[in-house]
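Read the structure below first, then the notes.
Number of protein chains: 2
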Amino acid sequence: MASQVELTRDFINDLRNAIRNGEDKVALKMIEDFHAADIAELYSDLSLEESRYLFMLLDGELASDVLTELDQDEREEFLEVLPGEVIAQKFIDYMDSDDAADIIGDMSEEKKQEVLLHIDDVEQAGDIVDLLAYDEDSAGGLMAKELIRVNENWTILTCLKEMARQADDVDEVYYVYVVDDGNILKGIVSLKEMLLNNNSTRIRTILEEDIQSVRTDTPSEEVAQIMEKYDMVAIPVVDSIGRLVGRITIDDVVDVIREEAERDYQMASGLIDEVDESDKIFTITRARLPWLTIGLGGGILGALILGQFEGSLRLYPEMAFFIPLIAAMGGNVGIQSSAIIVQGLANKTLRTDRTWQKLGKEFIVALLNGILLAALIFLYNFIVSDSFALTITVSAALVSVIVFAAMVGTLIPLLLHRLDIDPALATGPFITTMNDIVGLFLYMIIGRGLYAYFQG
Amino acid sequence: MASQVELTRDFINDLRNAIRNGEDKVALKMIEDFHAADIAELYSDLSLEESRYLFMLLDGELASDVLTELDQDEREEFLEVLPGEVIAQKFIDYMDSDDAADIIGDMSEEKKQEVLLHIDDVEQAGDIVDLLAYDEDSAGGLMAKELIRVNENWTILTCLKEMARQADDVDEVYYVYVVDDGNILKGIVSLKEMLLNNNSTRIRTILEEDIQSVRTDTPSEEVAQIMEKYDMVAIPVVDSIGRLVGRITIDDVVDVIREEAERDYQMASGLIDEVDESDKIFTITRARLPWLTIGLGGGILGALILGQFEGSLRLYPEMAFFIPLIAAMGGNVGIQSSAIIVQGLANKTLRTDRTWQKLGKEFIVALLNGILLAALIFLYNFIVSDSFALTITVSAALVSVIVFAAMVGTLIPLLLHRLDIDPALATGPFITTMNDIVGLFLYMIIGRGLYAYFQG
């Protein structure tokens, strides 16, 4: 039984030594129990030359699996120096059509042609060219062409023989798809039914017709939603007239689901692109700067607003003490409210009607939070501060800011969703900045009024 | 072929009328093409009484599927009024053991006993009791007992017959698990191998031994990582001595993956519990208040710090204008930095060694961002403001705050991870609050110094 692989520093050092000394057999022996995903993880521990050397030692099947497991950046770095012929024959020939199309799709036009020309299996090359035509973010871009296809007019016996023949190309058999003579998808047939019925039974009679399918142009996110909702491990893909052209397996969709959930978090954190720590400094800077610039613009607006109250600030400098508190609370509440809405929209648990009801509820939650927190800060200021005007101002402003921020945080994502704009865009820096500014304004207006009342 | 179901307002009204008038056949006819997941979605459109009426009309198989698809809150509301006997015989009898255990596990002790006593199938009741003993967040809590199990000493023919018999209990056959006489998991056997070999071949000879498995006490998140890494649709679960006790399918793990990704976003947004918009006002308030209270504490600290600089603020009230900008930028940068680290840790793309190298890189990114933004605000103040001291102060403070916030945002999650505390805890309000306070302090210190230099 294979167990999880642990990469110790000693192991890595021994492996590097074996590679550097050209001890191919020793190196291969060290990783003989590794799954392709484990070998791919070695990439970040070895130098580019070392991993290239090691991966070229592997047999074609395993080498192509490792290539599929690498990150896109790593893979490009790796393939860059290899001639198209080597890529085609060492790697692509062994891959499923969808993995091959993903990898070739990332290449330059020139390299793409070079690789395609050197694929020995004409059918495989044709499949890849077909797949390259689909949008990356559609069912066509996710699907593989390999699947088990049987005719509804066959008997179970013919079907079993055909399955054995076709299974050679398919890694895992999840469903057997049934088509008519015109390749129109009619349904699936389960192994169970085949085992339970007589060998001369026609497939047509044991067919399950009531199945979900998607079209080649169905967006990836919708494919993920359907598969998640109906708990499917594979879904057939048909063209515009219902002909079976491929299938999508859940492992490819898990990536879509994870990426979608992560993108919301990224946007809420003010990153406009998927970046990770290993990306280039320039890439990370570029992903971060836009939101920061908006934040800077918000800060300047805040300065302009406070500038209008210079007189009050000169007379009552203690008012400035609570500016950070008011700004921060508005931001925090706004982010909380919007996160609840954005996640509800993303995982489809939120119904988008009854907007007023939602706002009403959020109003009550915010008022409750606001009153509790205002009472706390009232107590603090009542004990610590000499100025009763300040004490009242901070508490009154806090309640207003929290309620306002909660309304904005709820309404903006709902509004964007209705306008078909990704609501996650609104969360994070944008809502924070907006609430900062309005919060400051409310604070200063309330303060000026109350000071005038208590001290004028 | 089933297509996606669209719930129009008219459809819902017609359905409600049919239910209210007791037209059972009309109502059932309306939803005859619905998948269980579609029927479960009706729950939020109907009143509690209406959905209860409708669901009780369904046959046992479908009704139990619908119950599995409901949210936990909806399900509890729904089952509350039903006697244990009805729950056991109308629903639980038809369920897979893992779904049944999930549902019964959520019930009160009393109700649990009542339901368990009324399950007719003794084997099923035993399986459920076994499963209830496992931690919800472990492989044991995720697994189902239903699977196809064959003996390594059987021939392919015996095996096919046994599969047909066992398949009756199992919804989907993904893998056929092979055990020895002591029920120790030996590997899997693929359909392909069975089809390609002679019927009298022993399973032992076509067995694939090199497979991944998990133990009942493996944490859910680790199960998800293994299945995602190795692209598996089902994984066998063994006990501490290697006996096969169950299997986990990918659809249950997809939920774990999504919840994990969502939890990071929630924490970063300052929500301490999984809440959605439909939760009770009290639940939502309770999830939000803790972080807001911390934010309030941070605001008070900020006020205390600014209080130390009352003299400067009285002399140069324009310094107050840029307090929100400095605080906001520190917060934004800190969130960005920590989000990159938290996501990298969550999806395992981040290596946790080379901390100094990471900090060095983050330092350069922050310095780059800081200098660019400081140049922008310098330009603005140089044109708009009369005070050169202010112009220099804001820009110098901005660079310091951005660099400091980036270091904190990078270091804290890495530190928490090393201490085995969920790093997502640190993001959002906590890091924002901390950066706010330190940012204010830096701003005022730099300001006092520069004003003294330029105007003193």
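Which chain is which? The protein sequence lines are A and B, in order. Under our numbering, the first residue of the first sequence is numbered 1, with each subsequent residue one higher. Under our numbering, the first residue of the second sequence is numbered 1, with each subsequent residue one higher. Every residue gets a Cβ at the ideal spot worked out from N, C-alpha and C, and that includes glycine.
Listing by chain order, which chain A residues have their CB less than 7 Å from the CB of residue i?
i, result
"serine 269 of chain B", "Ala268, Ile335, Gln336, Ala339"
"lysine 29 of chain B", "Here the premise fails: no neighbours, minimum Cβ distance about 16 Å."
"aspartate 251 of chain B", "Asp231"
"isoleucine 377 of chain B", "Leu296"
Under 8 Å, do residue i and residue j count as touching if we go by C-beta distance?
i, j, result
"leucine 440 of chain A", "alanine 366 of chain A", "no"
"methionine 434 of chain A", "valine 408 of chain A", "yes"
"aspartate 24 of chain B", "glycine 60 of chain B", "no"
"isoleucine 335 of chain B", "proline 324 of chain A", "no"
"glycine 307 of chain A", "threonine 432 of chain A", "no"
"aspartate 102 of chain A", "glutamate 146 of chain A", "no"
"lysine 192 of chain A", "alanine 164 of chain B", "yes"
"glycine 242 of chain A", "methionine 143 of chain A", "no"
"serine 257 of chain A", "isoleucine 257 of chain B", "Checking the displayed sequence, the identity of residue 257 of chain A turns out to be isoleucine instead of serine. Contact flag set, yes."
"glutamate 277 of chain A", "isoleucine 188 of chain B", "no"
"alanine 139 of chain A", "arginine 215 of chain A", "yes"
"leucine 359 of chain B", "leucine 442 of chain B", "no"
"isoleucine 39 of chain B", "valine 66 of chain B", "yes"
"alanine 397 of chain A", "glutamate 362 of chain A", "no"
"leucine 244 of chain B", "leucine 185 of chain B", "yes"
Hey, residue i and residue j are a contact pair by Cβ (cut 8 Å); roughly how many whole angstroms apart?
i, j, result
"leucine 270 of chain A", "arginine 288 of chain A", "In the sequence under discussion, the amino acid at residue 270 of chain A is glycine, which differs from the leucine named in the question. Right, their Cβ atoms sit about 7 Å apart."
"leucine 196 of chain A", "glutamate 152 of chain A", "Going by Cβ atoms, the distance from leucine 196 of chain A to glutamate 152 of chain A rounds to 18 Å, so no, they are not a contact pair."
"isoleucine 226 of chain B", "glutamine 212 of chain B", "6 Å"
"lysine 229 of chain A", "alanine 37 of chain B", "5 Å"
"glycine 295 of chain A", "methionine 329 of chain B", "6 Å"
"leucine 425 of chain B", "methionine 267 of chain B", "6 Å"
"isoleucine 392 of chain B", "leucine 450 of chain B", "5 Å"
Which residue marks the beginning of the beta strand (DSSP E) containing residue i, and which one marks its end?
i, result
"asparagine 151 of chain A", "148 to 151"
"lysine 186 of chain A", "185 to 189"
"valine 66 of chain B", "Not the beta strand (DSSP E): valine 66 of chain B falls in the alpha helix (DSSP H), residues 60 to 69."
"tyrosine 177 of chain B", "176 to 179"
Which two residues bound the contiguous alpha helix (DSSP H) that contains residue i?
i, result
"arginine 247 of chain A", "Premise fails: arginine 247 of chain A lies in the beta strand (DSSP E), 244 to 249, not in any alpha helix (DSSP H)."
"alanine 234 of chain B", "It is not in any alpha helix (DSSP H) - alanine 234 of chain B instead sits in the beta strand (DSSP E) that spans 234 to 238."
"valine 403 of chain A", "388 to 418"
"isoleucine 103 of chain A", "97 to 105"
"phenylalanine 363 of chain A", "355 to 384"
"serine 220 of chain A", "220 to 229"
"phenylalanine 448 of chain B", "Residue identity differs from the one stated: residue 448 of chain B is arginine in this sequence, not phenylalanine. Per DSSP, arginine 448 of chain B belongs to the alpha helix (DSSP H) from 429 to 455."
"aspartate 10 of chain B", "9 to 20"
"aspartate 47 of chain A", "The question names aspartate, but residue 47 of chain A is serine in the sequence shown. Taken as a continuous stretch (DSSP letters only), serine 47 of chain A belongs to no alpha helix (DSSP H), as it is neither H nor E."
"phenylalanine 78 of chain B", "72 to 79"
"threonine 205 of chain A", "203 to 206"
"glutamate 109 of chain A", "109 to 117"
"isoleucine 457 of chain B", "No information on residue 457 of chain B is available, as it lies outside the stretch 1 to 456 that chain B covers here."
"isoleucine 87 of chain B", "Careful: isoleucine 87 of chain B lies outside any alpha helix (DSSP H) and carries neither H nor E."
"methionine 30 of chain B", "24 to 30"
"glutamine 124 of chain A", "122 to 132"
"glutamate 41 of chain A", "36 to 42"
Run through chain B and tell me which residues come within less than 7 Å of residue i, C-beta to C-beta.
i, result
"asparagine 332 of chain A", "Gly270, Trp291, Leu292, Gly295, Pro429"
"lysine 361 of chain A", "Ile281"
"histidine 35 of chain A", "Tyr230"
"glutamate 257 of chain A", "Per the sequence shown, the amino acid found at residue 257 of chain A is isoleucine instead of glutamate. Neighbours of isoleucine 257 of chain A on chain B, chain order: Val254, Ile257, Arg258."
Which residues in chain B sit within 8 Å of residue i, going by Cβ to Cβ distance?
i, result
"glutamine 343 of chain A", "Glu262, Tyr265, Gln266, Asp276"
"leucine 440 of chain A", "Pro324"
"methionine 329 of chain A", "Leu292, Gly295, Leu296, Gly299"
How would you list, in chain order, the residues of chain A whose beta-carbon sits under 9 Å from the beta-carbon of residue i?
i, result
"glutamate 310 of chain B", "Pro317, Glu318, Ala320, Phe321"
"threonine 205 of chain B", "Result: empty, since nearest Cβ-Cβ is about 17 Å, beyond 9 Å."
"glycine 307 of chain B", "Glu318, Phe321"
Using the beta-carbon of each residue, which ones in chain B are nearer than 9 Å to residue i?
i, result
"methionine 163 of chain A", "Leu191, Lys192, Leu195"
"glycine 126 of chain A", "What glycine 126 of chain A touches in chain B: nothing, since even the nearest Cβ is about 24 Å away."
"threonine 216 of chain A", "Here the premise fails: no neighbours, minimum Cβ distance about 15 Å."
Please compile the residues from chain A whose C-beta is within a distance smaller than 8 Å of the C-beta of residue i.
i, result
"alanine 303 of chain B", "Phe321, Phe322, Pro324, Leu325"
"asparagine 369 of chain B", "Thr285, Arg288, Leu289, Leu292"
"asparagine 347 of chain B", "Arg258, Glu262"
"isoleucine 39 of chain B", "Ordered by position in chain A, no residue passes the 8 Å Cβ test against isoleucine 39 of chain B, which lies about 12 Å from the chain."
Exercise for review: Can you check the stretch 248 to 334 of chain A for any alpha helix (DSSP H) of at least 4 residues that lies completely inside it and give the ranges in chain order?
Suggested key: Counting whole runs of 4 or more residues, the stretch 248 to 334 of chain A contains the alpha helix (DSSP H) stretches 250 to 268, 281 to 307, 310 to 315, 318 to 321.
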